[in-house]
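Each residue of the sequence shown is one higher than the one before, starting from 847 at the first, in the numbering used here. First up is the structure itself, then whatever we jot down about it.
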Amino acid sequence: MFEFLQALLGPVSSTGLAIVAGTVLLAGFIRGFVGFGAALIIVMVLSAVFGPVIAVPAANLSGLPATLQLLPAAVRGSERGFVLPFGLASFAVAPFGVMVLITLDPAIMRMAISVFVLLMFVILVRGWQLTRRPGMAMLTGTGATAGFIQGAASVSGPLAVILALSQPGSAVQQRANVIGAVTSLNLCAMIPFWYQGLFTRESLLLALIIAPLYSLAIWLGARFFGGEGQRHFRNAALLALAVVGIVTLYLAMQDYLAA
């Protein structure tokens, strides 16, 4: 089996492939349970094994079945007035983020975004919530900001999580809003990747290989949330926010200092 995968994907050790499989399973479970965070985890490990040019589009493509898998529950439980303005704004602004990614140092951009994520984590831990539902200006502004960040650095999921968790509502509704918003962010990044010619043979094959593992793990994570996991949802989401912020800040600082 390893020999077959090596023939398809090029020279990679069996240990590297095993690490990739374990990472995909863990990330998929987190995506099914929390609703976000998987792409960053997958991209980090795939980049170390295959390189970022293959890893980033492969991670996005492998998430398409997951999007379809989680979408029915999100459609039933999410608020249209939250997801639609957020999603449309993210699609409109994502191409500008890609332009910034091409022209500016991505390590500097990622450091700034990671600091922002950690600041939002502190606000949420202190118990900040919106006292009323956000208006159209806040939804579209946040969606546009998230779309810009997605195009520039592909770490915009926390913005959707912060807005969704800061609204009054049940854990089921908050999670559905998170999934709906994060799905729009995942899709809005596809067009710039395609335009830049990043969907190569290697990235397509890698996505095809890891997608079944990813979908299985998402199903398991969603089942855990539906059973014993609901009462742990907010804490799990906050923990994921902190990990995303710390890891991306550390990696961005490493890249910047090594340059």
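Positions of the beta carbon are idealized from the N, C-alpha and C atoms, including for glycine.
1. According to DSSP, is Arg-972 part of a helix, a strand, or is it coil?
2. Please report the straight-line C-alpha distance between Pro-838 and Gly-1067, rounded to a whole angstrom.
3. Does Thr-988 pass the burial test, meaning 16 or more other C-beta atoms within 10 Å, or should it be called exposed?
4. Reducing DSSP to helix, strand and coil, say where Ser-1000 ends up.
5. Is DSSP giving Thr-1046 helix, strand or coil here?
6. Assuming the contact rule is C-beta atoms closer than 8 Å, Ala-1063 and Val-870 should be a hit. Round their C-beta distance to whole Å, please.
7. In three-state terms, what does DSSP make of Pro-980?
8. Would you say Pro-980 and Leu-1009 are within 8 Å of each other, going by their C-beta atoms?
9. Rounded to a whole number of angstroms, what is the C-alpha to C-alpha distance between Ile-876 and Ala-884?
10. Am I right that Gly-993 and Ala-953 are in contact with their C-beta atoms under 8 Å? What's the rounded C-beta distance?
11. With DSSP run on the structure shown, which of helix, strand or coil describes Ala-1035?
12. Which residue comes first and which comes last in the alpha helix (DSSP H) that contains Pro-931?
13. Return the chain-ordered list of same chain residues with a C-beta closer than 7 Å to the C-beta of Phe-1038, the five sequence neighbours on each side being excluded.
14. Report the rounded CA-to-CA distance for Val-899 versus Gly-927, giving the unit in angstroms.
15. Beta carbon of Asn-1081, beta carbon of Asn-906: below 8 Å?
16. Start and end of the alpha helix (DSSP H) containing Met-1016?
17. Does Ile-959 pass the burial test, meaning 16 or more other C-beta atoms within 10 Å, or should it be called exposed?
18. In whole angstroms, what is the alpha-carbon distance linking Ala-867 and Arg-1069?
19. Assign Ile-948 to buried or exposed, taking buried as 16 or more other Cβ atoms, counted over all protein chains shown, within 10 Å of its Cβ.
20. Taking C-beta to C-beta, are Ser-1061 and Ser-936 nearer than 8 Å?
21. Could you give the distance in angstroms between the alpha-carbon of Val-961 and the alpha-carbon of Thr-1094?
22. As a quick exercise: from Phe-932, Thr-861, Ser-924, pick the residue whose alpha carbon is nearest that of Ala-983.
Based on what the coordinates show:
1. Arg-972 falls in the coil class under three-state DSSP.
2. The structure shown does not extend to residue 838, since the chain is modelled only from 847 to 1105, so the question has no answer here.
3. buried
4. coil
5. coil
6. That belief holds up - the Cβ atoms of Ala-1063 and Val-870 are roughly 7 Å apart, short of 8 Å.
7. Secondary structure at Pro-980: coil, using DSSP grouped into helix, strand and coil.
8. yes
9. 6 Å
10. Not really, about 21 Å apart at Cβ, beyond 8 Å.
11. coil
12. 926–949
13. Residue identity differs from the one stated: residue 1038 is Pro in this sequence, not Phe. Only residues of its own chain outside the window of five on either side were considered, and among them Ala-940, Pro-941, Val-944, Gly-997 have a CB closer than 7 Å to the CB of Pro-1038, listed in chain order.
14. 36 Å
15. If you check the CB distance, Asn-1081 and Asn-906 do not come in under 8 Å.
16. Sequence inspection shows Ser at residue 1016; the Met mentioned does not correspond to that position. Where Ser-1016 is concerned, there is no enclosing alpha helix (DSSP H), given that its DSSP letter is neither H nor E.
17. buried
18. When rounded, the separation of the alpha-carbon atoms in Ala-867 and Arg-1069 is 21 Å.
19. exposed
20. no
21. 9 Å
22. Phe-932
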